[in-house]
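Undergrad:
2 protein chains.
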Amino acid sequence: MFSSLEFNNNEPIYLQIENYIKYMIKNNMVVTDAKLPSSRDLSKILGVSRNSVIVAYENLEADGIVYTIKGRGTFVSKSKEDYKNGWNLSWDNMINSYGRLAEELDIVKTEIPWEKGMISFKSISPDGALFDIDEFKKSFLNRISLEEDKILNYGYAQGYKPLIDYLLEYMKQKGVSVENKDIIITNGFTEGLEMILDTFCNFGDKILCENPTHNTSIKIMKVLGLDIIGVKMNQDGIDIEELENKLKNNKIKFGYLIPSYHNPTGIVMKAEKRQRVYNLFRKYNIPIIEDGFNEELLYNSTHISPLSSIDKGGNGVIYISSFSKILFPGLRVGWILADKRIIDVLESVKRCKNIHTSFLDQGILYEYLNSGAFDKNVKRIRKVYREKYDFALNCINKYIKPDFIWGEGALHIYIGIEGVKSRELLKECYKKNVIFTPGDIFSVDNSCENTLRIGLTRLNLEQIEEGIRIIGEKVKELRERIRFNEDK
Amino acid sequence: MFSSLEFNNNEPIYLQIENYIKYMIKNNMVVTDAKLPSSRDLSKILGVSRNSVIVAYENLEADGIVYTIKGRGTFVSKSKEDYKNGWNLSWDNMINSYGRLAEELDIVKTEIPWEKGMISFKSISPDGALFDIDEFKKSFLNRISLEEDKILNYGYAQGYKPLIDYLLEYMKQKGVSVENKDIIITNGFTEGLEMILDTFCNFGDKILCENPTHNTSIKIMKVLGLDIIGVKMNQDGIDIEELENKLKNNKIKFGYLIPSYHNPTGIVMKAEKRQRVYNLFRKYNIPIIEDGFNEELLYNSTHISPLSSIDKGGNGVIYISSFSKILFPGLRVGWILADKRIIDVLESVKRCKNIHTSFLDQGILYEYLNSGAFDKNVKRIRKVYREKYDFALNCINKYIKPDFIWGEGALHIYIGIEGVKSRELLKECYKKNVIFTPGDIFSVDNSCENTLRIGLTRLNLEQIEEGIRIIGEKVKELRERIRFNEDK
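Note that the protein sequences, when read in sequence, are chains S and R.
Okay, so the first sequence: first residue is 1390 according to the numbering used here, each after it adds one.
Okay, so the second sequence: first residue is 1390 according to the numbering used here, each after it adds one.
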């Protein structure tokens, strides 16, 4: 690093070395705490006497520019002057409305966080104990033996071909016609939804959805400046009359629906109703974005096909899904099945956003699916979640006695308690170390204030009973308080 | 699936079964090619005579609604009627300007693709043969043994803590002060840049950058509707006079710079120049986005610190990087180092976009870095690329004799040939199975038409010589053609 130092004949050598080191520090050619060459080495490098170097180092140390550690050498000090005069921009003022909304709607930041020792009914992420780690390791080793460095280098924006082919076949098994359709792999469902809205919507466009609905989807629509039209839910799903009304009277860009184990209500839309809903959207020529959320948990005995399967040979339904509520959500792999033209443009959009989804993760997931490990695993998972659900349902009926319980299983239970605001209930339960998700989070219009979602995946039966008992206790107290106030 | 069939007393049993199956098919309760229960099983399920079922199946088969495979059973036919009447939306017309631009600027779609047998100087992705697969496997196995299912479940938007801590230390080693700063993990550099622009810019904002510059960055700016102000490059990097002029006379939101092995020119900005450039941006209070691209390939002997390191204790430089040009780009892991307030808002933005980057990939990368495998590997990689570069440089001087060669190593060489349009040259070389990247792709104003980038990473020395020989031949032919035309 001393290669560009050229000595002149006017100044003493030690001073020239001193000044050059100062110059290097000033120009960031050496950094704080960097080790300088030993005096012996430097004298050789520069072809000068060792004494000149020693004097230069001593002067620099006296000025606080370098420091010495006995037996280790001479190092560059931190320059206090520089730090005092740091460039100071006010970044907070520079965040645009997109960034502000993303923060404002970020429930991780705004809601009560989980703390150790709490019973949290907030989560619906899968129970990690159900992951088959051995099969996962095997999948990794098999795939990397086969692909070697190829799977670690840049891949294709559309995704890993064997995984795409597997998922096309998988969707066919669900009864969806894949003619003129294709699949793109995304970083989970979230990216899939964002990409579609980003590519087809303009600021202020209207999206129709169930109300309540998946809070992340609401967030994505809001940050993109879209206008959300909610349609109320009944025990059997979206209200058909209100749906037709709103489809007829609004210029709607997309419908967004969660037909299976709807989040948060848990309702599975029946086959006949799916047909009616599809017919209505088609009648008004409004394409549907179908959220395949949790479809894998549907029990074999009541096979219900996705909305997409009704649209045989058509291109009016865009299907997005992931296995993230069952398999390895840490991997962030989801997919979109849609008209070829849609996948084509999304391929370019994906390349713009992040080139492609991790090929390693896609490769492992493919191997895991293709080996049959998934099929085996999903049966076990269904059984475990079914047990938790049935158990929790009993507890809710016993301890809470809500006014309604919707849905029919999977990862969560949605209940309504008339007269009791779930925010107030949450405040009381929090004091007893129990938390859940208040219904308003899923509402597009600040309604659903008397409802709550009870997520079951991360708790054992004992915790479930204890937590629900406490919620029930607090519901009773709040109901009594209300009655008391009414009597007054 | 026959659970909701209730028999009446008015119609024959076989007809009721027949109609119910039709109803199930119509309502997608059974899908195409699904197997129906055997007549024996169904008669038991329904508690009717086997004969009724047989008659129902026969009638359905006669109508083409089901089909039978001898010895295998009865299956649901594909309904031709449905397919004919598919919902047919014209998606192409529905793509918005963002989607259109993403496609238009997608060079994978618009440029000559690589074909088998070609010598392609287009790529600068790393040579997979340099990946240390054994160490990679070890990193995977170690990390998963330690973390087990935790690393496969949902993680944090900011990233995997051990990796963040490692990178903070890594940036400190580069001389960057990390006080009041933090790191967020992104899906590679591309997502990092997009997230920052998405969060701080508004439509029509001006971004100043080197001209030419990284084509993906140009694309991201354009699709987001930003206005790009290019500053010309000289042999030693950005033109200081023009830079000051443009900083002074425009309301600029960000500067975007690639100080080390600039893409496409390969120029490494000298330490003194870095200081001058930094001072200018600071004078006009315009924050810098520093692209740390390829910094890892800088040779130890000429240690040059990032622009961020000059900004000691300040917050005016946002640093984005990834190891994707050295290590496993298929994993898509990059990072942003910036003021805490920036990382804070980006955390919410990241959660909006795709929850987080694959925790598995972050875990493996962390293990690989922390084990020392990276340090060992990067030295070897530097050596291999240095050899390729030196060899290619000789070939270029021998066969092409360009008017200028810029840069000083790493993955590519940028050359200029006066009078020869690189697009025309590419057309001629393509006929001889040689392709490269014409300079205009990196230009913000359709200039650089006499330049080209020669990427070296994926070729061996023999291919490099052969390819450059062919380019040289074609350059000679084009020069002669030009001289001939001028003489006329």
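Backbone N, C-alpha and C fix where the C-beta goes; we use that ideal spot for every residue, glycine too.
None of these values were measured; they are calculated from a predicted model.
Starting from S1728 (chain S), find everything on chain R with Cβ-Cβ shorter than 7 Å and list it in chain order.
TA: This sequence places Asp at residue 1728 (chain S); Ser is not what is there. Per Cβ cutoff of 7 Å: W1480.
Undergrad: Taking Cβ-Cβ distances shorter than 7 Å, what residues in chain S pair up with W1476 (chain R)?
TA: Going along chain S in sequence order, the residues near W1476 (chain R) (Cβ under 7 Å) are R1671, D1700, G1703, N1704 and G1705.
Undergrad: Just confirm the distance between the C-beta atoms of I1533 (chain S) and L1597 (chain S), as a whole number of angstroms; I'd bet it's less than 8 Å.
TA: No, I1533 (chain S) and L1597 (chain S) are not in contact; Cβ-Cβ is about 45 Å, not under 8 Å.
Undergrad: DSSP state of V1565 (chain S), grouped into three classes?
TA: Coil, per DSSP.
Undergrad: In angstroms, rounded to a whole number, what distance separates the CA positions of D1430 (chain R) and K1790 (chain S)?
TA: One C-alpha to the other measures close to 41 Å.
Undergrad: What are the residues that DSSP puts in a beta bridge with Y1456 (chain R)?
TA: Y1456 (chain R) is bridged to R:F1464.
Undergrad: Taking CB distances under 8 Å as the criterion, tell me whether L1541 (chain S) reaches chain R.
TA: Yes, because at least one Cβ of chain R sits closer than 8 Å to the Cβ of L1541 (chain S).
Undergrad: For T1602 (chain S), which of helix, strand or coil comes out of DSSP?
TA: Of the three classes helix, strand and coil, the one that applies to T1602 (chain S) here is coil, per DSSP.
Undergrad: Exposed or buried, what is N1399 (chain R) when buried is set at 16 or more other beta-carbons lying within 10 Å of its beta-carbon?
TA: Exposed, because fewer than 16 other Cβ atoms sit within 10 Å of the Cβ of N1399 (chain R).
Undergrad: Do G1808 (chain S) and R1868 (chain S) have their CB atoms nearer than 8 Å?
TA: Yes, these two residues count as a Cβ contact at 8 Å.
Undergrad: Please compile the residues from chain R whose C-beta is within a distance smaller than 7 Å of the C-beta of S1747 (chain S).
TA: Simply G1719, L1720, R1721, S1747 and D1750.
Undergrad: Along the stretch 1828-1839 of chain S, what residues have a CB closer than 8 Å to any CB found in chain R?
TA: Residues passing the 8 Å Cβ filter: none.
Undergrad: For G1723 (chain R) and I1709 (chain R), which I take to be in contact (beta-carbon distance under 8 Å), what is that distance rounded to the nearest angstrom?
TA: Their Cβ separation, rounded to whole angstroms, is 7 Å, which keeps G1723 (chain R) and I1709 (chain R) in contact under 8 Å.
Undergrad: For C1590 (chain R), I'd like the list of residues in its chain whose CB is within less than 7 Å of its CB, leaving aside the five on either flank, ordered along the chain.
TA: L1613, L1615 and K1642.
Undergrad: How big is the Cα-Cα spacing for I1804 (chain R) and I1572 (chain R)?
TA: Whole-angstrom Cα-Cα distance: 36 Å.
Undergrad: Where does N1689 (chain R) sit, in a helix, a strand or coil, going by DSSP?
TA: Reliability fails at N1689 (chain R), whose pLDDT of 48 lies under 50, so the model's placement of it is uncertain and the value that follows must be treated cautiously. Reduced to three states, the DSSP call for N1689 (chain R) is helix.
Undergrad: Is the CB-CB distance between N1743 (chain S) and G1681 (chain R) below 8 Å?
TA: Going by C-beta atoms, N1743 (chain S) is not nearer than 8 Å to G1681 (chain R).
Undergrad: Name the one or two DSSP bridge partners that N1786 (chain R) has.
TA: DSSP, once it has assigned bridges, lists no residue as partnering N1786 (chain R).
Undergrad: Could you pull out every residue in the same chain whose Cβ sits closer than 8 Å to the Cβ of V1567 (chain R), ignoring the five residues on either side in sequence?
TA: If we look at V1567 (chain R) and ignore the five residues flanking it on each side, its Cβ neighbours are L1557, M1560, K1561 and L1726.
Undergrad: Kindly indicate the opening and closing residues of the alpha helix (DSSP H) around M1413 (chain S).
TA: Taken as a continuous stretch (DSSP letters only), the alpha helix (DSSP H) holding M1413 (chain S) covers I1402 to K1415.
Undergrad: Using 8 Å as the limit for Cβ to Cβ distance, is M1418 (chain R) near chain S?
TA: Yes, contact with chain S.
Undergrad: What residue range does the beta strand (DSSP E) around S1710 (chain S) cover?
TA: Run containing S1710 (chain S): V1706 to S1711, per the beta strand (DSSP E) assignment.
Undergrad: If we cut at 8 Å on Cβ distances, does R1461 (chain S) have a partner in chain R?
TA: It does not: the Cβ of R1461 (chain S) has no partner Cβ on chain R nearer than 8 Å.
Undergrad: For G1453 (chain R) and S1427 (chain R), which I take to be in contact (beta-carbon distance under 8 Å), what is that distance rounded to the nearest angstrom?
TA: Contact doesn't hold; Cβ gap of about 21 Å is too wide.
Undergrad: Alpha carbon to alpha carbon, what distance is there between I1699 (chain R) and I1434 (chain S)?
TA: Near 27 Å, if we compare the C-alpha coordinates of I1699 (chain R) and I1434 (chain S).
Undergrad: Of all the options S:N1542, S:S1392, S:V1823 and S:C1818, which has the alpha carbon lying nearest to the alpha carbon of K1505 (chain S)?
TA: That would be S:V1823, whose Cα lies nearest to the Cα of K1505 (chain S).
Undergrad: Using a Cβ-Cβ cut-off of 6 Å (strictly less than) and excluding sequence neighbours within five positions of P1401 (chain S), which residues of its own chain qualify?
TA: So no residue of the chain qualifies.
Undergrad: Under the three-state reduction of DSSP, which class applies to K1433 (chain R): helix, strand or coil?
TA: Here K1433 (chain R) sits in helix by DSSP.
Undergrad: I want to verify the contact list: residues of chain S whose CB lies under 8 Å from the CB of M1483 (chain R), in sequence order.
TA: Near M1483 (chain R) (Cβ distances below 8 Å), the residues of chain S are F1589.
Undergrad: Assuming R1769 (chain R) contacts L1519 (chain R) (C-beta within less than 8 Å), just tell me the rounded distance between them.
TA: The Cβ separation is near 7 Å, so the contact holds.
Undergrad: For E1537 (chain R) and A1660 (chain R), I'd like the C-alpha separation in whole angstroms.
TA: Cα to Cα, E1537 (chain R) sits roughly 45 Å from A1660 (chain R).
Undergrad: For T1602 (chain R) and chain S, any beta-carbon pair shorter than 8 Å?
TA: Closer than 8 Å: no.
Undergrad: With a threshold of 16 other CB atoms inside 10 Å of the CB of P1502 (chain S), please say whether the residue is buried or exposed.
TA: Burial call: exposed.
Undergrad: With a threshold of 8 Å between beta-carbons, can S1649 (chain S) be considered close to chain R, or not?
TA: Answer no: the Cβ-Cβ gap between S1649 (chain S) and chain R never drops below 8 Å.
Undergrad: Using DSSP's beta-bridge definition, name the partner residues of D1728 (chain R).
TA: Looking at the DSSP assignment, D1728 (chain R) forms a beta bridge with R:K1570.
Undergrad: Indicate whether at least one CB of chain R lies closer than 8 Å to the CB of F1529 (chain S).
TA: Interface residue, yes.
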